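Residue numbers (our numbering), protein chains in the order written: chain W, -6 to 122; chain B, 8 to 281. Built from N, CA and C at the ideal position, the CB exists for glycine as well. Since the structure is predicted, the reported quantities are computational estimates derived from the model, not experimental observations. Input: a single structure, listed below in structure tokens.
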């Protein structure tokens, strides 16, 4: 479990076009310098956005990794939801330490509907957030 | 020269990057409010724009995370994001190294800050500049408050930073405008993205407009997280702006939850002339 290094790799990838180029050519070799578990390496190489979120990667880092892989916004959000459903609650990081409850619990707390949210505050007909 | 302008605005990447997915009517009203803010900054004849932001691991990471940092460079490049994703082309915004140095030196009289001679803007600054200095031609002095990687500086230190920035702005000969930028309640980039606690936002902005220091500092991170999400940690930028305008009264020029932008979109300013 080395969330710090998973996030450090993604932080560096997000801001370094040369590293991005090398990663496109050979994902595994670029990961070698980082202290990562096999699970983390596979999650990155796949990429398994849901597993990375479950491991605790901050969304502000993860969303750029998703964009790097041309994963559309709605798909990115759904992959995280699927990851929680498949792997369980967030293990570590800011969402775990501050008591991440999941989308349904948040919706109930806020008196809002769960699931995809409306684009328009006054309408519930459209999908997406 | 006394501080010439203080305001706050949202900075979420969806504001530009997912513009086509929003209700055009509310989106355009929000953009119009941004235009009004730009004109107000222009009327202030500000020679530099201090932007208090909450960047998102573009420059600062947990290997060496400053609570507060101020840029000290002659230029800043951005956006760090894919320009297509953010819908903002690559730019180089001017800084003012000498002015930064004088401001940092004065701030350090009361608040320890890191300084950065290199700084790549992410959406947290690029989105506000896109609207407020569309030509990226007004010198910027970026200020960062760590709102992403806890432990975070307590709110009263964000207030202290804002007070120090006001003192510093007043001490230089240049005309300085100050913009705080962040979300209020939001859960950005997570499965909860799009949730917005409007009641919480309006209560916070009421305290902000009254410039009620005690009420603003009464929040704590656990309750903020519960009611306003991890994005709510960014109230530090609004609190710093409030401190910079201590004693002034504020006005919310625009507020509307826009879920596809993942935030209650906000434009507000203080009246520094009263």
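Which listed residue (the options) has its alpha carbon closest to that of residue i
{"i": "residue 84 (chain B)", "options": "B:158, B:75, B:191 and B:65", "result": "B:65"}
{"i": "residue 90 (chain B)", "options": "W:77, W:88, W:74 and W:57", "result": "W:57"}
{"i": "residue 132 (chain W)", "options": "W:47, W:53 and W:65", "result": "Because chain W spans -6 through 122 in this model, residue 132 (chain W) falls outside it and cannot be assessed."}
{"i": "residue 211 (chain B)", "options": "B:196, B:202, B:148 and B:243", "result": "B:243"}
{"i": "residue 199 (chain B)", "options": "W:20, W:72 and W:85", "result": "W:72"}
{"i": "residue 101 (chain W)", "options": "B:237, B:174, B:203 and B:109", "result": "B:203"}
{"i": "residue 261 (chain B)", "options": "B:32, B:14 and B:37", "result": "B:37"}
{"i": "residue 33 (chain B)", "options": "B:278, B:271, B:251 and B:276", "result": "B:271"}
{"i": "residue 124 (chain B)", "options": "B:195, B:82, B:143 and B:58", "result": "B:82"}
{"i": "residue 288 (chain B)", "options": "B:95, B:15, B:43 and B:80", "result": "With chain B represented from 8 up to 281, any question about residue 288 (chain B) goes unanswered, as that position is not in the structure."}
{"i": "residue 3 (chain W)", "options": "B:95, B:88 and B:80", "result": "B:88"}
{"i": "residue 207 (chain B)", "options": "B:108, B:264, B:44 and B:19", "result": "B:264"}
{"i": "residue 139 (chain B)", "options": "B:276, B:231, B:31 and B:48", "result": "B:48"}
{"i": "residue 108 (chain B)", "options": "B:78, B:129 and B:25", "result": "B:78"}
{"i": "residue 249 (chain B)", "options": "B:201, B:74 and B:220", "result": "B:220"}
Own chain residues within Cβ distance below 6 Å of residue i, not counting five before or after
{"i": "residue 34 (chain W)", "result": "24"}
{"i": "residue 154 (chain B)", "result": "61, 240, 241 and 243"}
{"i": "residue 115 (chain W)", "result": "Confidence is the limiting factor: at residue 115 (chain W) the pLDDT is only 35, short of 50, which leaves the residue's position unreliable and the question unanswerable from this model."}
{"i": "residue 75 (chain W)", "result": "43"}
{"i": "residue 22 (chain B)", "result": "134 and 268"}
{"i": "residue 28 (chain W)", "result": "-5 and -2"}
{"i": "residue 54 (chain B)", "result": "181 and 182"}
8 Å Cβ cutoff met for residue i and residue j
{"i": "residue 76 (chain B)", "j": "residue 133 (chain B)", "result": "no"}
{"i": "residue 17 (chain B)", "j": "residue 184 (chain B)", "result": "no"}
{"i": "residue 186 (chain B)", "j": "residue 29 (chain B)", "result": "no"}
{"i": "residue 55 (chain W)", "j": "residue 42 (chain W)", "result": "yes"}
{"i": "residue 152 (chain B)", "j": "residue 160 (chain B)", "result": "yes"}
{"i": "residue 191 (chain B)", "j": "residue 280 (chain B)", "result": "no"}
{"i": "residue 110 (chain B)", "j": "residue 175 (chain B)", "result": "yes"}
{"i": "residue 181 (chain B)", "j": "residue 229 (chain B)", "result": "no"}
{"i": "residue 136 (chain B)", "j": "residue 150 (chain B)", "result": "no"}
{"i": "residue 224 (chain B)", "j": "residue 162 (chain B)", "result": "yes"}
{"i": "residue 80 (chain W)", "j": "residue 45 (chain W)", "result": "no"}
{"i": "residue 53 (chain W)", "j": "residue 196 (chain B)", "result": "yes"}
{"i": "residue 251 (chain B)", "j": "residue 10 (chain B)", "result": "yes"}
{"i": "residue 31 (chain W)", "j": "residue 86 (chain W)", "result": "no"}
{"i": "residue 101 (chain B)", "j": "residue 146 (chain B)", "result": "yes"}
For residue i: DSSP bridge partner residues
{"i": "residue 58 (chain B)", "result": "B:149 and B:186"}
{"i": "residue 101 (chain B)", "result": "B:82"}
{"i": "residue 262 (chain B)", "result": "B:273"}
{"i": "residue 127 (chain B)", "result": "B:84"}
{"i": "residue 200 (chain B)", "result": "Paired residues: none, contrary to the question."}
{"i": "residue 15 (chain B)", "result": "B:187 and B:275"}
{"i": "residue 77 (chain B)", "result": "B:122 and B:150"}
7 Å CB neighbourhood of residue i in its chain, flanking five on each side removed
{"i": "residue 10 (chain W)", "result": "none"}
{"i": "residue 156 (chain B)", "result": "69 and 72"}
{"i": "residue 214 (chain B)", "result": "222 and 223"}
{"i": "residue 165 (chain B)", "result": "152, 243, 246 and 247"}
{"i": "residue 226 (chain B)", "result": "162 and 242"}
{"i": "residue 27 (chain B)", "result": "none"}
Close-in-space but distant-in-sequence residues of the same chain around residue i (CB under 8 Å, 5 per side omitted)
{"i": "residue 278 (chain B)", "result": "255, 256, 257 and 258"}
In chain order, what residues of the region 106 to 131 of chain B put their CB closer than 7 Å to some CB of chain W? 127
Residues within the region 77 to 88 of chain W neighbouring chain B, beta-carbon criterion of under 8 Å: Result list: 77, 87 and 88.
What are the residues in the region 4 to 16 of chain W lying within 9 Å of chain B by C-beta distance? Result list: 4, 5, 7 and 8.
Give the residues from the region 75 to 90 of chain B that approach chain W closer than 8 Å (Cβ to any Cβ), ordered along the chain. 87, 88 and 89
Taking a cut of 9 Å between CB atoms, which residues from the region 174 to 201 of chain B lie near chain W? 192, 194, 195, 196, 197, 198, 199, 200 and 201
Contact set between the region 131 to 165 of chain B and chain W, restricted to residues whose Cβ is under 8 Å from the partner: 155, 156 and 157
Output, in sequence order along the chain, the residues in the region 53 to 69 of chain W whose CB is closer than 8 Å to any CB in chain B. 53, 54, 55, 56, 57, 60, 61 and 66
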